[in-house]
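Take a look at the structure set out below.
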Amino acid sequence: MIKIKEKFPLKSYNSLLINKKARYFCEIDSLEDCKEVLEFIKLKGLKTLILGEGTNIVLTKDFSGLVIKNNIKGISNDGNKVFLGAGENWHQSVLWTLNNDLFGLENLALIPGTVGAAPVQNIGAYGVELSSVMESIEAININNGDIVSLTNEECKFGYRESIFKRKNNSYLITSITLNLHNEQKVSTDYQSLIAYLLKDDIDPEKATPFQVCRAVVSIRNTILPDPQDKPNVGSFFKNLIVTEDIFSNLQKKLKKIPFFKLPHGKYKIPTAYLIEEAGWKGYEENTVSISKDHALVLISSKNSNIEDILSLSSKISEDIKNKYDITLEIEPTVY
Ligand code: NAP
């Protein structure tokens, strides 16, 4: 039986510790709970906001509908197919797959958040995106109560994008099905990963999934602040995917700009480089700062408010626009 709470403070339910309230709040543990929630939503005519661990959300205002914290658990496999409940912790799920000799998630180790949040922004790290192993997503359509299974294609995955991130999303993800493998092959194309493995005398070509997992965990622990100690949502801004013309203009201003050539004449540029070049790395203002270790990570504090966060984010965006004529896009979901 679900418990609906009213005027519920969300501060400890989002990793930036933003102090906003939900008109209604409940936690769900099962499909049965979902059915009860749907009846409540219908009865009151509420809009909904689904939360996992709140590690990729920026709450700009109180939420006038129902916030649903998704705790639906479950981890199992049938051969190479892995079934994960949306409320499972992502990193613990990655470790479970490795311990069961199921590989493919090692590059995605230590990404904060839940399984259900992972497809929303199509999490990616060190050259692997969740979409590359996603078989299907089981969800409930909040509008009509239908239980659906969406194929990889139907999720319309893109760079940190999916249908679940769009404004009119009406799906409550209950579980995901992944297609992993049991071979010792790994993806070690990223320079930071290669350098770390070489430092440990591991040939990147011959690294095992466990070695890659350990390397990724160590690198992330070095450059990315733990949200438990320093409240953050990982990358605050998206990396840039630009046309050749825009890239050439940028290269005239920043001779050493790193870039990655993509198909269809596009270029990926690390936004962290622009922010660092513009002098924002380590900058502090009011109750927020930009990490000294990673220019994409905005760090808040127990006393931060959304105004301080948005003010610093806008100043950085305006400065990057003025200096490089580039418009930054916030990566986490903004409500
Ligand atoms: P990095 O290794 O310093 O590289 C900087 C950027 O260049 C990365 O963001 C990456 O893009 C891109 N890049 C590097 N090597 C590439 C290659 N061989 N081909 C294509 N693109 C390449 O990056 P980092 O900031 O330390 O992050 C390491 C990984 O963790 C990245 O994959 C990053 O996305 C991921 N990460 C994710 C979050 C998050 O909150 N979502 C936060 C921090 C880091 P991509 O970002 O597209 O991989």
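So the number in the working numbering is just where the residue sits in the sequence shown, counting from 1, plus 113. Virtual Cβ for every residue (Gly too), placed ideally from N, Cα, C.
Check whether the Cβ of residue i sits closer than 8 Å to any heavy atom of the ligand NAP, and report yes or no.
i    : result
V246 : no
V171 : no
I76  : Because the chain spans 114 through 448 in this model, residue 76 falls outside it and cannot be assessed.
Y309 : no
E444 : yes
R333 : yes
Y380 : no
E339 : First, the residue type needs correcting, since residue 339 is Asp and not Glu in the sequence shown. No; taking the cut-off as 8 Å, the Cβ of D339 has no heavy atom of the ligand NAP nearer than that.
N275 : According to the sequence as given, residue 275 is Ser; it is not Asn. For the ligand NAP, not one heavy atom lies less than 8 Å from the Cβ of S275.
F373 : yes
V151 : The sequence shown places Leu at residue 151, rather than the Val named in the question. Every heavy atom of the ligand NAP is 8 Å or more from the Cβ of L151, so no.
A238 : yes
H407 : yes
I403 : no
N202 : no
P383 : yes
N352 : yes
I439 : no
V410 : yes
D302 : yes
S426 : no
K370 : It is worth fixing the name first, because residue 370 is Ile in this sequence and not Lys. Every heavy atom of the ligand NAP is 8 Å or more from the Cβ of I370, so no.
Q205 : no
Q234 : yes
I433 : no
S305 : yes
I422 : no
Y272 : yes
Identify, in the order they occur along the chain, each residue of the same chain with its Cβ nearer than 7 Å to the Cβ of residue i, setting aside the five sequence neighbours on each side.
i    : result
E483 : Absent from the structure is residue 483, since the part of the chain shown begins at 114 and ends at 448.
L215 : N190, N193, V195, L293 and N295
L263 : S249, I250 and A252
S414 : P344 and T400
I370 : L363, Q364, I382 and Y386
Quick check: what's the CA-CA separation for residue i versus residue j?
i    : j    : result
N345 : G167 : 10 Å
L353 : K374 : 12 Å
N362 : Y137 : 49 Å
V228 : S288 : 8 Å
S300 : L151 : 42 Å
L156 : E149 : 11 Å
Q341 : S128 : 8 Å
S417 : I131 : 7 Å
Q234 : V410 : 17 Å
G165 : N257 : 22 Å
S348 : I403 : 11 Å
I307 : E145 : 46 Å
Q535 : I359 : The structure shown does not extend to residue 535, since the chain is modelled only from 114 through 448, so no value can be given for it.
Beta-carbon within less than 8 Å of residue i's beta-carbon, same chain only, minus the 5 sequence neighbours each way: which residues are those?
i    : result
Y448 : L162, I170, V171, L172, T173, K174 and F176
N184 : E140, I141, D142 and G200
I188 : V195, F196, L197, G198, E201, S206 and W209
Report yes if the C-beta of residue i is less than 8 Å from at least one heavy atom of the ligand ATP; otherwise report no.
i    : result
V346 : In terms of ligand content, the structure shown lacks the ligand ATP and carries the ligand NAP instead.
I'd like the list of long-range same chain contacts for residue i, defined as Cβ closer than 6 Å, with 5 residues on each side in sequence excluded.
i    : result
A238 : N220 and L221
F372 : Y380 and I382
I106 : Given that the chain is displayed from residue 114 to residue 448, the structure contains no residue 106 and the question cannot be resolved.
Entirely enclosed alpha helix (DSSP H) segments - the segment 156-212, minimum 4 residues:
Secondary structure remark: continuous alpha helix (DSSP H) runs of at least 4 residues inside the segment 156-212, in chain order: 203-212.
Which runs of the beta strand (DSSP E) spanning at least 3 residues fall entirely within the segment 268-292, listed in chain order?
284-292
Which ranges would you report for the beta strand (DSSP E) in the segment 318-376 if only whole runs of at least 3 residues count?
353-356
Output the residue ranges of the beta strand (DSSP E) runs that lie fully inside the segment 383-430 and measure 3 residues or longer, sorted by chain position.
401-403
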